[in-house]
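Chains as they are written, first to last, in my numbering: chain A, 1411 to 1545; chain B, 1411 to 1545.
Notes for the one structure printed next.
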DNA sequence: TAATATGCTTGCAAAATGCAAGCAAATATA
DNA sequence: TATATTTGCTTGCATTTTGCAAGCATATTA
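What follows is the structure in structure tokens.
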């Protein structure tokens, strides 16, 4: 989206202020997904054309990268940039919010607790777990 | 938006996953706005029909309340519920992100620094400053 | 060599957004 | 007291975005 103002909140929303972009980043961070088909199979069932356009935009905006898979030439490997990884704290706060207000949340209690009281370590562990999947 | 899954991130996006809702909460928290016309005059210039529909939805979703103004019967007073206030940490993380990646951000350095290293106190101060405006 | 998997694109209908104008009730002004 | 202005919206319409379904080229597997 074109920049609406210099407000730091508005700015983030210009990048990921829609229903899908953060879910793609979530899948890359929390579920270790890397390919198009994996991303397509999330619980929320994003339409394939929307997924395609979001991936394009996230790449253009520097939040993810897209490479060819060396083993399977049909596949592409999607990965987070540092800017994309740095969206994680925003997501953790969302997890905390839902932990408080959504009785039906599927967030594990332990994750919510750690987001509250062991943030920094949780963040490094989650990001390290990505590294191990992107050798 | 209708609930797409039980994911805690998806859940928050179901409430505020659009370009405008969080900016309304921002204006209520950071700028102490309370009336329709004040909300209409943000830098991002939201269309009035969109503002109207978002306020309606935020109220229905329990993130804000709408009362009549006792002094001026034309006016309505919009205020945050606790659930709305609890979106603040999410916004603070957005401020931190923009502080790192947006060279043109208008976020005061002191705010960014405090969001990083003095969060809890910053949160209470911001929320208290709202109280004083909603006596 | 045929079947299947993968990562998309295309076409179209439906929904959401954005713009401009208008409008009733309350208040301020002359 | 009459008129103008402010406030908080609504309405109508054009544009953009989303969602659904089908299709398609290339690469891999059977």
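Positions of the beta carbon are idealized from the N, C-alpha and C atoms, including for glycine.
In this text the structure is predicted, and so the values were computed from the model without any measurement.
Check	Outcome
Can you give me the start and stop residues for the alpha helix (DSSP H) that residue 1584 of chain A sits inside?	In the structure as shown, chain A starts at 1411 and stops at 1545, and residue 1584 of chain A therefore has no counterpart that could be examined.
In three-state DSSP terms, what is residue 1486 of chain B?	strand
Between residue 1468 of chain B and the rest of its own chain, which residues show a CB-CB distance below 7 angstroms, the 5 nearest in sequence each way excluded?	1431, 1434 and 1474
Give me the Cβ distance between residue 1543 of chain B and residue 1455 of chain B, rounded to the nearest whole Å; I'm assuming they're in contact under 8 angstroms.	Incorrect: roughly 23 angstroms between the Cβ atoms, too far for contact.
Check each candidate in B:1452, B:1438, B:1411 and B:1417 and name the one with the smallest Cα separation from residue 1425 of chain B.	B:1411
In the DSSP assignment, what are the bridge partners of residue 1474 of chain B?	B:1490
So which residues on chain A does residue 1419 of chain B lean against when the C-beta distance must stay under 7 angstroms?	1432, 1433, 1436, 1501, 1504 and 1505
What do you get for residue 1421 of chain A, buried or exposed, if any count of 16 or more other CB atoms within 10 angstroms of its CB means buried?	buried
Helix, strand or coil: how does DSSP classify residue 1503 of chain B here?	helix
Restricting to runs no shorter than 4 residues, where is the alpha helix (DSSP H) found entirely within the stretch 1432–1477 of chain A?	1446–1450 and 1458–1470
In or out: residue 1442 of chain B buried (at least 16 other Cβ within 10 Å) or exposed?	exposed
What three-state label does DSSP hand residue 1480 of chain B in the structure shown?	coil
For a cutoff of 8 angstroms on Cβ pairs, would you count residue 1423 of chain B as touching chain A?	yes
Between A:1415, A:1419, A:1451 and A:1507, which has its C-alpha nearest residue 1521 of chain B's C-alpha?	A:1419
Closer than 7 angstroms between beta carbons: that is the criterion. Which residues of the stretch 1532–1543 of chain A meet it against chain B?	none
Measuring alpha carbon to alpha carbon, tell me which residue in B:1500, B:1519 and B:1483 is nearest residue 1509 of chain B.	B:1519
According to the neighbour-count rule (16 or more other Cβ atoms, all chains shown, within 10 Å of its Cβ), is residue 1484 of chain B buried or exposed?	exposed
Less than 8 angstroms between CB atoms is the rule here; does residue 1414 of chain B satisfy it with respect to chain A?	yes
Evaluate residue 1436 of chain B with the Cβ neighbour count: other Cβ atoms within 10 Å of its Cβ, from every protein chain shown; 16 or more gives buried, anything less gives exposed.	buried
I'd like the list of long-range same chain contacts for residue 1413 of chain A, defined as Cβ closer than 6 angstroms, with 5 residues on each side in sequence excluded.	1424
Does the Cβ-Cβ distance between residue 1493 of chain B and residue 1472 of chain B come in under 8 angstroms?	yes
Given that residue 1486 of chain A touches chain B, what residues does it touch there, using C-beta distances under 9 angstroms?	Simply none; closest approach about 24 angstroms.
For a contact meaning CB atoms closer than 8 angstroms, what does residue 1399 of chain B contact in chain A?	With chain B running from 1411 to 1545 in the structure shown, residue 1399 of chain B is simply not present.
Apart from the five residues on each side of it in sequence, which residues of its chain come closer than 7 angstroms, Cβ to Cβ, to residue 1460 of chain A?	1430
Within 10 Å of its beta-carbon, does residue 1464 of chain A have 16 or more other beta-carbons around it, so buried, or fewer, so exposed?	buried
List, in chain order, every chain B residue whose beta-carbon is nearer than 8 angstroms to that of residue 1427 of chain A.	1427, 1428, 1429 and 1432
Need the endpoints of the alpha helix (DSSP H) that residue 1420 of chain B sits in, please.	1418–1426
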